[in-house]
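First the structure, in the form of structure tokens, and then the observations on it.
Number of protein chains: 2
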Amino acid sequence: MIRTNPELSTYIHKLWSQGGLEIEEEDFAPKAVIIKQDRRYGKIHLIKEGIAKCYISDENGREFIQEFLGAGMEFGELEVFDNLTTICSVESLTKLQTYSLSHQTYRKLLNTDSKFNALIMKALANKIRFKAPRHSYQHSYPIEDNLLRLKQLFPEFIEVIPKKDIANYIGITPRSLNRALKELKEKSPLF
Amino acid sequence: MIRTNPELSTYIHKLWSQGGLEIEEEDFAPKAVIIKQDRRYGKIHLIKEGIAKCYISDENGREFIQEFLGAGMEFGELEVFDNLTTICSVESLTKLQTYSLSHQTYRKLLNTDSKFNALIMKALANKIRFKAPRHSYQHSYPIEDNLLRLKQLFPEFIEVIPKKDIANYIGITPRSLNRALKELKEKSPLF
DNA sequence: TTGTAATGGGGACAAATGTCCTTTTGGATG
DNA sequence: CATCCAAAAGGACATTTGTCCCCATTACAA
Numbered sequence: 017m018i019r020t021n022p023e024l025s026t027y028i029h030k031l032w033s034q035g036g037l038e039i040e041e042e043d044f045a046p047k048a049v050i051i052k053q054d055r056r057y058g059k060i061h062l063i064k065e066g067i068a069k070c071y072i073s074d075e076n077g078r079e080f081i082q083e084f085l086g087a088g089m090e091f092g093e094l095e096v097f098d099n100l101t102t103i104c105s106v107e108s109l110t111k112l113q114t115y116s117l118s119h120q121t122y123r124k125l126l127n128t129d130s131k132f133n134a135l136i137m138k139a140l141a142n143k144i145r146f147k148a149p150r151h152s153y154q155h156s157y158p159i160e161d162n163l164l165r166l167k168q169l170f171p172e173f174i175e176v177i178p179k180k181d182i183a184n185y186i187g188i189t190p191r192s193l194n195r196a197l198k199e200l201k202e203k204s205p206l207f
Numbered sequence: 017m018i019r020t021n022p023e024l025s026t027y028i029h030k031l032w033s034q035g036g037l038e039i040e041e042e043d044f045a046p047k048a049v050i051i052k053q054d055r056r057y058g059k060i061h062l063i064k065e066g067i068a069k070c071y072i073s074d075e076n077g078r079e080f081i082q083e084f085l086g087a088g089m090e091f092g093e094l095e096v097f098d099n100l101t102t103i104c105s106v107e108s109l110t111k112l113q114t115y116s117l118s119h120q121t122y123r124k125l126l127n128t129d130s131k132f133n134a135l136i137m138k139a140l141a142n143k144i145r146f147k148a149p150r151h152s153y154q155h156s157y158p159i160e161d162n163l164l165r166l167k168q169l170f171p172e173f174i175e176v177i178p179k180k181d182i183a184n185y186i187g188i189t190p191r192s193l194n195r196a197l198k199e200l201k202e203k204s205p206l207f
């Protein structure tokens, strides 16, 4: 449920500590909006520590959460490849530290560092890999089943992530989430 | 609704016609299952011509369609990067022609042909880019709105794609699809 | 041509989910 | 300690969507 990428995390840390590249560290307080949907930015971020949510919002103000991002996950990178605007907003849930790289630096690394290139390829592939089944699962199964699944994946999710965000992640309203949680508390020993 | 990638299509055609690389052409009849979910394959496909559906099926036999693939779209490529099993099945809707490349050839191209490398990066990024808003749109808006949107994107979709597949694409049942279509026929001049 | 299966269409009802509101809770702050 | 505010919980009702049917049409194979 909270995606991470230890391999990339380790690698970027190595690049950063070696110096010589323009990789900056940035700090954000909780609830900081780091990038906004439909904009352009000149840099990408890679999470060093903390949790962020990546979400799309529609004109009615509803949010649909795409992913929760943990250490090693990057965001703002899609725009490097095709020069279009961002599709998601990203907001910190906890205190957040990121490494940031300009598009230029990022491109340079892609072209000259084949290990980096391969790691990014893999990271993109995994974003596809994990997104696909999640949405279909959510459509196909009742809310309660989805919650049980999340509980397996990340037992403390209810304590760590605000209810509103959990609801937006599953694609339901907070009301429906509450109903399902109440049922589960009566039925399942897990809850 | 039917994704294509003209740039990659052109490029692979060029590589193929130059010769020297092990790129094969393959032909499939309609309804051929080309790759199956949760398996391993040693090659990737890139569509030369025709339309295929890429779908996840659950244990109850329900299908959830991820994408309709047209010329220039590749499939079976995610597994090159992390050596895991396929997440989707892919089945031809029309007569289908593909170029196929062994993982080995594909990797070699990624490592030696930087134009190819960039095109694949971009293709992966676009798969992410297009998937995200689609699912959230489908959750947030009523079925009828989704159908109107599809009609804009691809006016002949009702004639070209079987109803069952349209329903699975939107993530609803054929019954609900029919209801919505009936309403639209009465209301909207488009239908 | 005829039988058979697959596809499309829709009625009736049940179930799940959303909407709208009100109440409760818990933590932050003066 | 009192007050305020945001988050959480849930009642009542409306709406949407699914489920389970059955029937009509079309495509295809014998």
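Line order of the protein sequences matches chains A and B. All letters in the first sequence, in the order written, are residues 17 to 207 by our numbering. All letters in the second sequence, in the order written, are residues 17 to 207 by our numbering. Backbone N, C-alpha and C define an ideal beta-carbon position, used for all residues, glycine too.
Sub-9 Å separation of residue i and residue j beta-carbons
i      : j      : result
A/A48  : A/E107 : yes
A/L206 : A/L164 : yes
B/E175 : B/S118 : no
B/I81  : B/D181 : yes
A/T102 : A/R56  : yes
A/I18  : A/L85  : yes
A/C104 : A/Q53  : yes
A/I51  : A/S25  : no
A/A141 : B/K147 : no
A/T20  : A/A87  : yes
B/L31  : B/L100 : no
A/K143 : A/E83  : yes
A/D209 : B/Y153 : Since the displayed chain A opens at 17 and closes at 207, residue 209 of chain A lies outside it and no answer follows.
Partner residues on chain A for residue i, Cβ-Cβ distance less than 7 Å
i      : result
B/F80  : S152, H155 and S156
B/N162 : Residues of chain A passing the Cβ test: none, with the nearest at roughly 13 Å.
Three-state secondary structure (DSSP) of residue i
i      : result
A/E160 : helix
B/D43  : strand
B/A183 : helix
A/Q113 : strand
B/I188 : coil
A/E172 : coil
A/F207 : coil
A/A141 : helix
B/S38  : The sequence shown places Glu at residue 38 of chain B, not Ser. Coil at B/E38, not helix or strand.
B/I136 : helix
B/I195 : Note that residue 195 of chain B is Arg in the sequence shown here, rather than Ile. Helix.
A/Q53  : coil
A/R123 : helix
A/I28  : helix
B/A148 : helix
B/L100 : coil
A/E93  : coil
B/E23  : helix
A/E83  : strand
A/E75  : coil
Per-residue contacts from residue i into chain B (C-beta, under 7 Å)
i      : result
A/G187 : H155
A/P149 : I72 and I103
A/L94  : A141, I144 and R145
A/F97  : M137, K138 and A141
Rounded Cβ spacing between residue i and residue j (contact assumed at less than 8 Å)
i      : j      : result
B/K179 : B/P190 : 6 Å
A/R78  : B/S156 : 6 Å
B/E23  : B/L135 : 6 Å
A/M137 : B/F97  : 5 Å
A/E90  : A/I67  : About 14 Å; that fails the 8 Å criterion.
A/I159 : A/I186 : 7 Å
B/H151 : A/H151 : 5 Å
Neighbouring residues, chain B, relative to residue i (Cβ below 8 Å)
i     : result
A/A68 : Chain B residues near A/A68: none, gap ~15 Å exceeds 8 Å.
A/N21 : Correct list: empty, because the minimum Cβ distance to chain B is about 11 Å.
Per-residue contacts from residue i into chain A (C-beta, under 8 Å)
i      : result
B/N127 : S130
Proximal chain A residues relative to residue i, where beta-carbon distance stays under 9 Å
i      : result
B/N194 : Within chain A, no residue comes near B/N194; the closest Cβ sits about 18 Å away, beyond 9 Å.
> Are the stretch 33-48 of chain B and the stretch 107-121 of chain B touching, with three or more C-beta to C-beta distances below 8 Å?
Replying inline: Because the criterion of three Cβ pairs below 8 Å is met, the stretch 33-48 of chain B and the stretch 107-121 of chain B touch.
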